[in-house]
Amino acid sequence: ILRTMLHDKKVQHGRLRFVLPTALGHVELVGDVDPDDVRAALVD
16 ILRTMLHDKK
26 VQHGRLRFVL
36 PTALGHVELV
46 GDVDPDDVRA
56 ALVD
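Just so we're aligned, residue 16 is where the sequence shown starts under the working numbering, counting upward by one.
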């Protein structure tokens, strides 16, 4: 899954970026996500 995520259009300069909902109709762009943290979350 992580390998596929690295080909997503939201990847910028080799870093994963996520669009996270913060409230109804509002999102936050998070660009400092460590791939190891994503891997750990997927394992859980």
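Using N, Cα and C, we set each Cβ at its ideal position, and we do this for glycine too.
Pull up the DSSP beta-bridge partners for residue i, would you.
i: P50; result: According to DSSP, which records beta bridges pairwise, P50 is partnered with nothing at all.
Just the Cα atoms here: how many angstroms apart are residue i and residue j?
i: A55; j: D23; result: 19 angstroms
i: T19; j: D47; result: 18 angstroms
i: L21; j: G29; result: 7 angstroms
How close, in whole Å, do the beta carbons of residue i and residue j come, if the pair is a contact with beta carbons under 8 angstroms?
i: L31; j: P50; result: 6 angstroms
Leaving out the 5 sequence neighbours to the left and right, which residues in its chain are closer than 8 angstroms to residue i when beta-carbon positions are compared?
i: I16; result: L57
i: V26; result: M20 and R32
Note down, in chain order, each residue of its chain lying with its Cβ closer than 6 angstroms to the Cβ of residue i, except the 5 sequence neighbours on either side.
i: T37; result: E43
i: V45; result: F33 and L35
Under three-state DSSP, which class holds residue i?
i: V34; result: strand
i: V58; result: helix
i: L17; result: helix
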